[in-house]
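Residue numbers for the sequence shown follow the working numbering, so the first one is 27 and each next one is one higher. The beta carbon of each residue, even a glycine, is placed where N, CA and C say it ideally should be. Values in this document were obtained by computation on a predicted structure and should not be read as measured data. The next block holds one structure in the form of structure tokens; read it before the comments.
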Amino acid sequence: MSEELEERPLTARERWQRRGVWVAKHSVMLAFVYVLIVIAARSLHRRVLYQPPEEPSLLALAEGATILKAQASDGVAVHAIRYEAPNAARTRARTVVVFHGNAETAESSGALARLLLKRGLSVVVPEYRGYGRSRPGTPTEDGLYRDAEAVLDALVKEGIPREQTVLWGQSLGGGVAVEMAKRGHGSRLVLVAPFTSTVELASRIMPVLPASLVMLDRFDNLAKAPHVEAPALIVHGDRDDVIPMELGERLARAFPKGRFVKIDGGHHNDLYKNASALTELLGHASGG
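Shown next, in the form of structure tokens:
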């Protein structure tokens, strides 16, 4: 009787069938987990893309700076910090509109503003919604474009023509500057350590995820560059470990009037300390 109850050995076919069921079950589980990860990444990507500093000390207004107020097309109150060049009205000094990086505030550009002022250039640094003085608010790609255009339109209403402004974008701010240049703002474009698009950048950082599905805010600079008529200068350090220099080079080639400058030994956030980079940047902004 005990011999009759003994389990008979599985045939090769039965073993393969069981293995197939096991593989199918685990494949479904893995696929489900992967979908959850993609959904989570999609919902969290803006927290990674936009990182407004929380320190109140960053809101200290530099001596000589003033606040420019504007209203975006969707009603959001926008603030910008303004540094006026001496005798700006009389000399018709160019106005450099600086769009800062993702983990900065408008006040972070104070040192750069002083360098530009020494060249006789006025400076305006728009603050993105959800950042610094432009709180409350939630930053998005479309929102940043609305904020930037509100400030640029306010300058035009003050009598500063578009051809007298220079658009300057640092890192994420490069995406805002490119969009504004595509819309016809500014006579010149300066990009410091820019990317081609957030989709390509994300695909390099997290290659296992479908970046085109994860990234809602794409800042597709590469697609927009051919439509920018203004002369564009792109400066990138060859040791940038945040945005690879290769992306800046490719972007430069896409502009009809693009010029790329490689900074040997330059990282992502130290290019303003490099004499060669400053010479190129300030010269282009000044019209040289």
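Residue j beta carbon less than 8 Å from that of residue i
i, j, result
"Val149", "Val124", "yes"
"Gly146", "Ala111", "yes"
"Ser213", "Ala278", "no"
"Leu198", "Val216", "no"
"Leu273", "Thr224", "no"
"Leu242", "His71", "yes"
"Val204", "Val151", "no"
"Glu306", "Val261", "yes"
"Ser160", "Glu167", "no"
"Leu259", "Val287", "yes"
"Ala180", "Ala98", "no"
"Gly195", "Gly201", "yes"
"Leu289", "Ala303", "Per the sequence presented here, residue 289 reads as Ile, with Leu not at that position. The answer is yes: Cβ separation under 8 Å."
Minimum C-alpha distance to residue i - residue among the options
i, options, result
"Arg265", "His293, Gly169, Leu141", "His293"
"Arg188", "Glu133, Val122, Arg244, Gly169", "Val122"
"Ile186", "Arg120, Gln77, Glu306, Ala311", "Arg120"
"Ala132", "Gly284, Arg155, Ile269", "Arg155"
"Leu170", "Arg140, His126, Ser134, Leu141", "His126"
"Leu297", "Gly263, Glu175, Met232, His310", "Gly263"
"His310", "His211, Leu142, Arg118, Lys95", "Leu142"
"Ile107", "Asn113, Gly313, Phe245, Gly90", "Gly90"
"Ala96", "Asn300, Gly313, Leu178", "Leu178"
"Met206", "Phe245, Ser238, Arg230", "Phe245"
"Leu231", "Pro252, Val268, Pro220", "Looking at the sequence itself, residue 231 is Ile, so the reference to Leu does not match. When each option's Cα is compared against that of Ile231, the closest is Val268."
"Thr92", "Tyr109, Asp100, Pro79, Asn300", "Tyr109"
"Lys299", "Pro165, Arg285, Leu138", "Leu138"
"Arg276", "Lys144, Pro252, Leu308", "Pro252"
"Lys144", "Pro220, Tyr157, Asn113, Gly158", "Asn113"
"Glu80", "Asn295, Tyr157, Leu308", "Tyr157"
Integer Cβ distance of residue i from residue j, believed to fall under 8 Å
i, j, result
"Ala228", "Val218", "Between Val218 and Ala228 the Cβ distance is about 20 Å, and since that is not below 8 Å, they are no contact."
"Gln77", "Ala129", "4 Å"
"Val102", "Asp173", "7 Å"
"Lys250", "Lys208", "5 Å"
For this session: Please go through the stretch 185-261 and give each complete beta strand (DSSP E) segment of 3 or more residues, from N-terminal end onward.
Result: 191-196, 214-218, all fully within the stretch 185-261.
Exercise. In the stretch 116-178, which residue ranges form an unbroken alpha helix (DSSP H) of at least 4 residues, counting only runs that do not cross its ends?
Worked result: Entirely contained in the stretch 116-178, the alpha helix (DSSP H) runs reaching 4 residues are, in chain order, 136-144.
Problem set entry | alpha helix (DSSP H) runs wholly inside the stretch 256-300, at least 4 long, in chain order | Segments of the alpha helix (DSSP H) lying fully in the stretch 256-300: 271-280.
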